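Protein chains in written order, with my numbering: chain D, 682 to 990; chain A, 313 to 571. For glycine and all other residues, C-beta sits at the position ideal for the given N, C-alpha and C. As the structure is a computational prediction, the values presented were derived from the model and not from experiment. Read the structure below first, then the notes.
This is the structure we're talking about:
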């Protein structure tokens with residue numbers, strides 16, 4: 682497998698503010714890479730540098746063997762874009778728009794087949810102004826695909842869609858995977874990345890905070906299982922802290938602490954409860970979902986930097 | 313598909329959009345016709361041009377044509393380009409292999425077709441109802457002045473598109489400039505009635521020269537109305553507009569993509 686996208690030590694600043702602090706990663710051919718981060722993490726900056734829209738300040742970038750900063754027509758023929766914000770002219774029909782875009786490319790796919798592939802066959806002759814939000818988004822994807830690109834950049838394809846339209850979009854993107862497309866997908870939904878991506882990169886404040894397959898991420902970051910219970914009677918919180926050697930908190934009559942030695946700590950806890958005659962009501966050991974992992978890893982950016990517009 | 317053919321197809325596509333856009337149709341074709349009708353109903357008798365008596369009908373036909381050129385080439389084009397930019401369409405086009413100039417050429421091509429069609433309509437109405445005498449001289453002067461005027465105001469639109477931050481402000485500037493300049497340039501009110509200082513201001517801007525050139529073509533018998541000053545000023549403004557546009561034109565809306 683060859684790397685379709687190669688990024689090494691990528692830097693980008695806006696004025697005095699450094700947005701990307703030297704990130705490095707690769708996307709292999711046929712792979713779907715989920716690029717995750719909260720708003721302001723640097724996702725769009727990164728994707729726009731890869732798409733050839735934005736110059737970089739430092740580092741090496743190559744997409745299909747070409748530096749996007751020197752994007753030429755031939756290279757544009759080989760990449761497909763689905764931008765975050767693009768409101769197409771509502772006066773044209775779906776088919777007119779897709780056929781017009783097909784003309785921009787050297788070797789486009791069949792227009793009707795492209796429309797069918799994003800599930801808009803019944804809307805082919807509908808004006809864009811009459812499409813729902815989800816249908817418009819799928820048309821955007823059709824425009825990204827009609828040039829038959831080797832790599833597709835999908836910038837937050839499901840932001841703002843309702844849950845049903847989101848599921849539709851997911852199954853469409855899964856269809857692209859089976860067609861063997863290389864896809865660079867940005868999103869701020871962990872479940873989306875988990876569902877679609879072969880590999881996930883979590884970006885936080887311009888640095889890569891974590892990366893790996895969804896399984897690897899869960900394994901490497903999901904160690905903080907949380908144990909909670911509601912004690913039946915009052916007890917000495919300090920003593921429990923000492924027994925467990927953990928930062929136990931008591932809030933609204935719920936006791937909670939985090940551990941990565943669930944079995945050992947549970948045994949200690951049960952022994953303590955026995956001795957103190959405390960009944961552990963609603964005792965639970967909760968393993969964090971990938972969503973929680975994301976909030977843990979990426980969420981800190983929001984607190985540190987503030988969300989960007 | 314080569315680039316010239318692609319530009320032609322893109323222009324046809326833009327014109328198909330125009331034919332479906334009822335607002336554009338009313339604004340660029342019906343509205344000037346109503347103005348022509350109104351002015352000619354209000355000012356029925358003769359007026360003066362270059363010290364001689366001329367029929368107001370022919371005078372206002374020439375004037376409204378110059379107004380249409382400004383309204384469509386400057387106002388509509390500026391509004392369309394800035395709206396497309398705000399919607400992210402310009403950026404989207406730039407991400408395709410299509411050279412960006414093809415999009416601009418198609419928008420200008422659409423403008424040229426719409427202006428000439430409206431002008432033809434106004435000339436026909438003028439010939440039938442308003443004492444416009446259609447001669448070879450008139451047609452030569454007309455075609456050339458319309459071409460110069462469209463080039464000039466399209467280049468002004470491209471220049472202003474780089475300056476205007478939002479489509480809202482751009483859409484207001486077009487009709488505002490067209491209307492104010494029309495009063496300063498002897499378009500709505502004949503030049504001989506205007507105070508000198510008003511005309512002096514008007515003469516700085518291109519509309520006065522497009523209007524006076526067209527009025528000469530319509531009103532001076534046996535003349536195309538072509539003269540060095542009016543042609544020269546229009547060409548100079550065109551060049552200036554293109555220069556500003558080439559330095560300032562923006563394909564993405566301001567403030568986009570800072571994250």
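Element boundaries [beta strand (DSSP E), containing residue i]
i	result
residue 739 of chain D	739-744
residue 532 of chain A	Taken as a continuous stretch (DSSP letters only), residue 532 of chain A belongs to no beta strand (DSSP E), as it is neither H nor E.
residue 863 of chain D	863-868
residue 891 of chain D	888-893
residue 880 of chain D	880-885
Cutoff 6 Å; reference residue i; Cβ partners in own chain excluding five residues on either side
i	result
residue 954 of chain D	961
residue 729 of chain D	735
residue 918 of chain D	931
residue 564 of chain A	403
residue 967 of chain D	907
residue 483 of chain A	391
residue 573 of chain A	Because chain A here runs from 313 to 571, residue 573 of chain A falls outside it and cannot be looked at.
residue 846 of chain D	815
residue 879 of chain D	712, 713
residue 525 of chain A	457, 537, 542
Proximal chain A residues relative to residue i, where beta-carbon distance stays under 7 Å
i	result
residue 785 of chain D	408, 409, 410
residue 732 of chain D	407
residue 781 of chain D	325
Interface partners of residue i on chain A, CB under 8 Å
i	result
residue 768 of chain D	399, 400, 401
residue 754 of chain D	409, 411
residue 758 of chain D	409
Residues that residue i contacts on chain D, provided the C-beta gap is smaller than 7 Å
i	result
residue 332 of chain A	772
residue 371 of chain A	Simply none; closest approach about 37 Å.
residue 323 of chain A	In chain order: nothing, as chain D lies at least about 12 Å away.
residue 329 of chain A	770, 772, 773
Bridge partner(s) assigned by DSSP for residue i
i	result
residue 403 of chain A	None; residue 403 of chain A has no bridge partner.
residue 686 of chain D	D:708, D:744
residue 323 of chain A	Looking at the DSSP assignment, residue 323 of chain A forms no beta bridge with any residue, so it has no partner.
residue 910 of chain D	D:936
residue 694 of chain D	D:699
residue 361 of chain A	A:364
residue 519 of chain A	Paired residue(s): none; residue 519 of chain A is not in a bridge.
residue 808 of chain D	D:774
residue 931 of chain D	D:936
Beta-carbon proximity list for residue i, same chain, < 7 Å, skipping 5 on both sides
i	result
residue 425 of chain A	327
residue 569 of chain A	Reliability of the predicted coordinates at residue 569 of chain A is poor, the pLDDT of 45 falling under 50, and the value obtained from them is presented with this limitation in mind. Within the same chain, residue 569 of chain A has no close Cβ partners at all.
residue 964 of chain D	910
residue 921 of chain D	929, 953
Boundaries of the alpha helix (DSSP H) in which residue i is found, first to last residue
i	result
residue 966 of chain D	No alpha helix (DSSP H) holds residue 966 of chain D; the beta strand (DSSP E) holding it covers 961-967.
residue 729 of chain D	724-731
residue 836 of chain D	That residue, residue 836 of chain D, is in no alpha helix (DSSP H); its beta strand (DSSP E) goes 832-836.
residue 793 of chain D	792-798
residue 782 of chain D	775-785
residue 924 of chain D	918-925
residue 713 of chain D	Unbroken run through residue 713 of chain D is the beta strand (DSSP E), 713-717; no alpha helix (DSSP H).
residue 760 of chain D	Where residue 760 of chain D is concerned, there is no enclosing alpha helix (DSSP H), although the beta strand (DSSP E) it sits in stretches over 760-763.
residue 876 of chain D	871-877
residue 510 of chain A	508-516
residue 549 of chain A	540-560
residue 468 of chain A	448-475
residue 344 of chain A	343-354
residue 396 of chain A	389-398
residue 850 of chain D	844-859
Under 9 Å from the C-beta of residue i: neighbouring residues of chain D
i	result
residue 295 of chain A	One cannot answer for residue 295 of chain A here, as it falls past the ends of chain A, which runs 313 to 571.
residue 318 of chain A	784, 785
Close beta carbons around residue i, own chain, < 8 Å, minus the five adjacent residues each side
i	result
residue 843 of chain D	814, 815
residue 474 of chain A	556, 557, 559, 560, 561, 562
residue 443 of chain A	367, 369, 370
Proximal chain A residues relative to residue i, where beta-carbon distance stays under 9 Å
i	result
residue 764 of chain D	400, 403, 404, 407
Distance cut-off 7 Å: residue i Cβ against heavy atoms of the ligand ADP
i	result
residue 553 of chain A	What this structure holds is no ligand at all, so the ligand ADP is not there to describe.
Counting beta carbon pairs with one atom in the stretch 816-836 of chain D and one in the stretch 757-769 of chain D, are three or more of them shorter than 8 Å? yes
Evaluate the contact criterion for the stretch 373-393 of chain A versus the stretch 468-476 of chain A: three or more CB pairs, one atom per stretch, below 8 Å. yes
Specify whether the stretch 871-887 of chain D and the stretch 696-713 of chain D touch according to this definition: at least 3 beta carbon pairs, one from each stretch, less than 8 Å apart. yes
Between the stretch 436-443 of chain A and the stretch 370-383 of chain A, do three or more beta carbon pairs fall short of 8 Å? yes
Touch test, the stretch 782-799 of chain D against the stretch 821-835 of chain D, Cβ-Cβ under 8 Å, three pairs minimum: yes
Would you call the stretch 794-806 of chain D in contact with the stretch 763-777 of chain D, where contact means no fewer than 3 C-beta pairs closer than 8 Å? yes
Are the stretch 688-696 of chain D and the stretch 843-858 of chain D in contact at 8 Å, needing three or more beta carbon pairs? no
Taking 8 Å as the cut-off, does the stretch 941-951 of chain D touch the stretch 913-929 of chain D (at least 3 CB pairs, one atom from each stretch)? yes
So, do the stretch 501-518 of chain A and the stretch 345-353 of chain A have three or more beta carbon pairs nearer to each other than 8 Å? no
Using a Cβ distance threshold of 8 Å, determine whether the stretch 792-801 of chain D contacts the stretch 817-824 of chain D, with at least three qualifying pairs required. yes
For the stretch 357-371 of chain A against the stretch 409-419 of chain A, do three or more pairs of beta-carbon atoms, one drawn from each stretch, fall closer than 8 Å, so that the two count as touching? no
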